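The structure appears below as structure tokens.
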Amino acid sequence: MSKININKSWKYDEALESKSHINLKDKYNLFIDGEFVKPLSRKYFKTINPATNESISEIAEANEKDVDLAVKSARKAFKSWSKLDPKERAKYIFRIARMIQERAKEFAVIESLNGGKPIRESRDIDIPLAANHFFYYAGWADKLEYAFPNKVPKPLGVAGQIIPWNFPLLMAAWKIAPAIACGNTVVLKPAETTSLTALKLAELIKDSGLPKGVVNIVTGAGKTGAAIVNHPDINKIAFTGSTEVGKLIERSLAGIEKKTTLELGGKGANIIFEDAAIDQAVEGIVNAIFFNQGHVCCAGSRLFIQASVADTVIEKLKDRISTLIVGDPLDKNTDIGAINSVEQLNTIEKYIEIGKKEGGEIYQTECSLPKKGNWCPPTLFLNVSQSHTIVKEEIFGPVLAIQTFRTIDEVIEKANNSPFGLSAGVWTEKGSKIFKLTKELNAGVVWANTYNKFDPCSPFGGFKESGMGREGGLHGLKSYIKFE
Ligand code: NAI
Ligand code: MG
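The sequence shown runs 13 to 496 under this note's numbering.
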């Protein structure tokens, strides 16, 4: 097999994205009732650039009273927003989408600065997809009766929305767009490590002229999130994050009349059959686990290769990952950026240690890592089985657990033997195998001969400990309406 050998024969010059066009404040307040207001808590915390661990800005920490103000503002706005002609609602949402496109470059750079993801990804995936979600749901706003024929769809009221740090602006779009398209108003909390693009979105929303209080953005950590979950005047909770917090939320809302959707963790099976186009499959494996440093709930973190092609696939995979560049998120050459936080790096490193201790054979590339900041090289684990901790638990980092299989039934059994059920990938030339697997794999999304493809039109969500409810597409509307 001929080696790719890019790093040795080609040298890359730096291709840094400029920061000159971005506009960041030293301090950010809460966005309540259409204005930026100081937190009643009077507390602020630092938001960090994970590539340097230096502070970028200070962010307000909302307490229960701040959350209460945000909910009151959303409740007040609901009266008129829910009665507004749906065509007019659509125009506002459409305008937000257009403005995200206009400011895309600024959003992309801030997303990479604050979250550590490669600029190529924030520029080509996160920000355009966020705009697409607003476009898509703007389209539904005045067509809800067609989405649900013979029924009269009504908004729920105030939605409390809590999002994670792996796709900050995109998750804000997933949450806000369908909610307000259906006539609800929202109180959204971004994750504590990555609040900046949500706050920039707040500025954009203010500029868009969206009526005050329709979207409120409060910042803070778990305590602020809990204040939203437990607020008595919220009609719906939408959460994306860890299974641990998802379970907590479920427990605190048991018996209470609040609609909930939960998008939680995953341990996606990526399955390579012997008849697959091997080179494409290797690209698919790389994209499935190393996209966004592996901070992806639907990451293909369990690889299953049919035994007859295992040696070839593994050799090609090792060769391919030797070309991956880990480094400055703002460099356009970068494939793997910074790990989002020191805490997350500790979690990943803890799992790598467990993997080694339990007898897994580790393979890491010899890429050079920057001195400052949080970094993890692309990591493979061979010689692991279903009972290994790193095969069972979500790591949320660039760490792939590799197993082999012989028969189709064996791989279905192994893939489904997981507490999660969010995503899977199937690589084969045979349509019949694809149909069998999409039917029998217990996963909300199954990609065939591709991986990590997202589109606002398709529903996304999981089974079992991966959560409940769907976001995206027509299904995503259902979580924000009731029928009279
Ligand atoms: P997390 O679940 O604690 O954080 C997600 C969001 O929930 C953040 O906005 C956070 O402030 C908020 N939150 C935390 N505690 C809360 C509470 N008691 N009530 C309401 N909101 C609360 O996730 P964390 O600790 O940052 O990451 C831990 C692990 O979770 C990761 O290693 C990964 O395995 C998984 N995770 C999965 C995500 C997904 O997309 N499914 C996203 C983020 C993390
Ligand atoms: Mg947590």
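In this text, a Cβ means the ideal position worked out from N, Cα and C, and glycines have one as well.
Every value quoted in this text rests on a predicted model; they were computed, and no experiment measured them.
| Asked | Found |
| --- | --- |
| Short Cβ contact (8 Å threshold) for residue 171 with residue 198 | yes |
| Alpha-carbon to alpha-carbon, residue 373 and residue 396 | 8 Å |
| Beta-carbon proximity check, residue 434 vs residue 280, cutoff 8 Å | yes |
| Complete beta strand (DSSP E) runs within the stretch 291-360 (minimum length 3 residues, chain order) | 314-318 |
| 4 or more residues per run - each alpha helix (DSSP H) lying fully within the stretch 261-285 | none |
| Residue 495 burial status per 10 Å Cβ neighbour count (16 or more: buried) | exposed |
| Three CB pairs or more closer than 8 Å across the stretch 114-122 and the stretch 21-35 | yes |
| Contact check, residue 323 vs residue 26, beta carbons under 8 Å | no |
| Three-state secondary structure assigned by DSSP to residue 288 | coil |
| Contact check, residue 1 vs residue 211, beta carbons under 8 Å | Residue 1 is absent from the model: the chain starts at 13 and stops at 496. |
| For residue 347, the nearest candidate out of 72, 450 and 132 (CA to CA) | 132 |
| Nearest to residue 149 (by Cα), restricted to the options 104, 161, 364 and 369 | 104 |
| Where the beta strand (DSSP E) containing residue 252 begins and where it ends | 248-252 |
| Sequence-distant residues of its chain with Cβ nearer than 7 Å to residue 34 (five each side left out) | 118, 121 and 122 |
| Segment contact flag, the stretch 150-159 with the stretch 364-379, C-beta cutoff 8 Å, min 3 pairs | no |
| Cβ pair residue 492, residue 223 closer than 8 Å | no |
| Where residue 226 sits in the DSSP three-state scheme | coil |
| Whole-Å CB distance - residue 108 paired with residue 249, under 8 Å assumed | The pair is not a contact, with the Cβ atoms about 23 Å apart (cut-off 8 Å). |
| Cβ of residue 98 within 8 Å of any chain B Cβ | Looking for chain B here will not work: only one protein chain is present. |
| Beta bridge counterpart(s) of residue 433 as assigned by DSSP | 475 |
| Per DSSP, the bridge partner or partners of residue 413 | 314 and 393 |
| Opening and closing residue of the alpha helix (DSSP H) in which residue 375 lies | Here residue 375 belongs to no alpha helix (DSSP H); instead the beta strand (DSSP E) covers 373-376. |
| Extent of the continuous beta strand (DSSP E) run through residue 240 | Premise fails: residue 240 lies in the alpha helix (DSSP H), 234-241, not in any beta strand (DSSP E). |
| Residue 254 beta carbon near ligand 2 (any heavy atom closer than 7 Å) | yes |
| Opening and closing residue of the alpha helix (DSSP H) in which residue 126 lies | 116-127 |
| Reference residue 47, options 24, 85, 253 and 383, closest by Cα | 85 |
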